[in-house]
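Colleague: Before I ask anything, here is the structure I am working with.
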Amino acid sequence: MKTLNIMIAAVFLMATAPAHAGAAVCYGTEETPQGRDTDAEYFARWSGSGHGRAAERVARQDWAAKYRGNPSCTSSQDLESGYLVIIEAHTRAYTDETVVTMAAGFGRTADEAEDEAVAELGRRNWSWKQRDGYTTIFDKRF
Numbered sequence: 000m001k002t003l004n005i006m007i008a009a010v011f012l013m014a015t016a017p018a019h020a021g022a023a024v025c026y027g028t029e030e031t032p033q034g035r036d037t038d039a040e041y042f043a044r045w046s047g048s049g050h051g052r053a054a055e056r057v058a059r060q061d062w063a064a065k066y067r068g069n070p071s072c073t074s075s076q077d078l079e080s081g082y083l084v085i086i087e088a089h090t091r092a093y094t095d096e097t098v099v100t101m102a103a104g105f106g107r108t109a110d111e112a113e114d115e116a117v118a119e120l121g122r123r124n125w126s127w128k129q130r131d132g133y134t135t136i137f138d139k140r141f
């Protein structure tokens with residue numbers, strides 16, 4: 000009887016354990032009238048199994064259905080579950096045009112994901128500084 004209870008408990012734990020997943024984001028860009036790149040949309044995808052690389056393949060396919068060239072993408076890589084946060088900032092270019100920059104972050108917590116998104120925003124737009132601010136446009140637990 001004790002063995003049966005242990006087996007039932009093991010099956011229950013496997014059935015209620017969180018599924019491993021992954022998440023990824025690709026950014027679609029457009030040109031401003033003065034020829035500067037500005038982010039126009041994002042393709043956020045998550046997979047029900049695997050890691051971020053599987054989700055990135057799907058996000059790249061979605062991007063390729065609308066755009067040509069090489070997409071700018073990022074994924075949760077080996078993080079099997081956690082949070083995805085996408086932020087955006089609006090900055091003025093030297094041409095006096097508004098440029099939109101989006102950035103995604105992944106983390107074990109929502110705060111960790113947001114911190115990574117802020118760091119990614121700085122990498123994607125070198126002229127952006129934290130004092131310029133940003134807006135959270137998407138968040139999801141995966």
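Residues in the sequence shown are numbered consecutively from 0, following numbering that gives the first Met the number 0.
Ideal placement from N, C-alpha and C gives every residue a C-beta, glycine not left out.
The structure presented is a predicted model; accordingly, all values stated were derived computationally and were not measured.
#1: Hey, quick one: how far does the alpha helix (DSSP H) through ARG122 stretch, first residue to last?
#2: Got a sec, what are the start and stop residues for the beta strand (DSSP E) TRP45 sits in?
#3: Ordered along the chain, which non-local residues of its own chain (more than five positions away) have a Cβ less than 7 Å from that of TRP127?
#4: Buried or exposed, going by whether 16 or more other CB atoms sit within 10 Å of the CB of THR135?
#5: Looking only at its chain, what residues have a beta carbon closer than 6 Å to the beta carbon of TYR26, apart from the 5 residues adjacent to it on each side?
#6: Taking DSSP's pairing of strands, which residues face TYR133 in a bridge?
#7: Have a look at LEU83 and GLY34 and give me their C-alpha separation to the nearest angstrom.
#8: Do you know how far the Cα of ILE85 is from the Cα of PHE137?
#9: When we look at the beta-carbon of THR73 and count the other beta-carbons within 10 Å, is it buried (16 or more) or exposed?
#10: Just the Cα atoms here: how many angstroms apart are ALA109 and GLY51?
#11: How would you label TYR30, buried or exposed, when you count the other beta carbons within 10 angstroms and need 16 or more for buried?
#12: For ARG123, which residues of its own chain have a beta-carbon under 7 Å away from its beta-carbon, when the five flanking residues on both sides are left out?
Modeller: In terms of the structure at hand:
#1: Start at 1 with the first residue of the sequence shown, and residue 122 comes out as number 123. Looking at the DSSP string, the run of the alpha helix (DSSP H) that includes ARG122 is 109-123.
#2: Taking the first residue of the sequence shown as position 1, residue 45 is located at position 46. Taken as a continuous stretch (DSSP letters only), the beta strand (DSSP E) holding TRP45 covers 36-46.
#3: If you number the sequence shown from 1, residue 127 lands on position 128. ALA88, THR90, THR100, LEU120 and GLY121.
#4: Mapped onto the sequence shown, residue 135 falls at position 136. Label assigned to THR135: exposed.
#5: As a first step, residue 26 is located in the sequence shown; it is residue number 27 there, counting from the start. The residues are ASP38, TYR41, SER71 and MET101.
#6: Numbered from 1 along the sequence shown, position 134 holds the residue referred to as residue 133. Note: TYR133 sits in no beta bridge, so no partner.
#7: In the sequence shown, residue 83 corresponds to position 84, counting from 1. In the sequence shown, residue 34 corresponds to position 35, counting from 1. Looking at the two C-alpha atoms, the distance is approximately 31 Å.
#8: Translated into the one-based positions of the sequence shown, residue 137 becomes position 138. Translated into the one-based positions of the sequence shown, residue 85 becomes position 86. Looking at the two C-alpha atoms, the distance is approximately 5 Å.
#9: Counting from one through the sequence shown, the residue named residue 73 turns up at place 74. So THR73 counts as buried.
#10: Taking the first residue of the sequence shown as 1, we reach residue 109 at position 110. Taking the first residue of the sequence shown as 1, we reach residue 51 at position 52. Near 17 Å, if we compare the C-alpha coordinates of GLY51 and ALA109.
#11: The residue labelled residue 30 in the question sits at position 31 within the sequence shown. The residue asked about is misnamed: residue 30 is Glu in this sequence, not Tyr. The residue is exposed, with fewer than 16 neighbouring Cβ atoms inside 10 Å.
#12: One-based indexing of the sequence shown puts residue 123 at position 124. Once the five neighbours on either side are set aside, the close Cβ partners of ARG123 are THR100 and ALA102.
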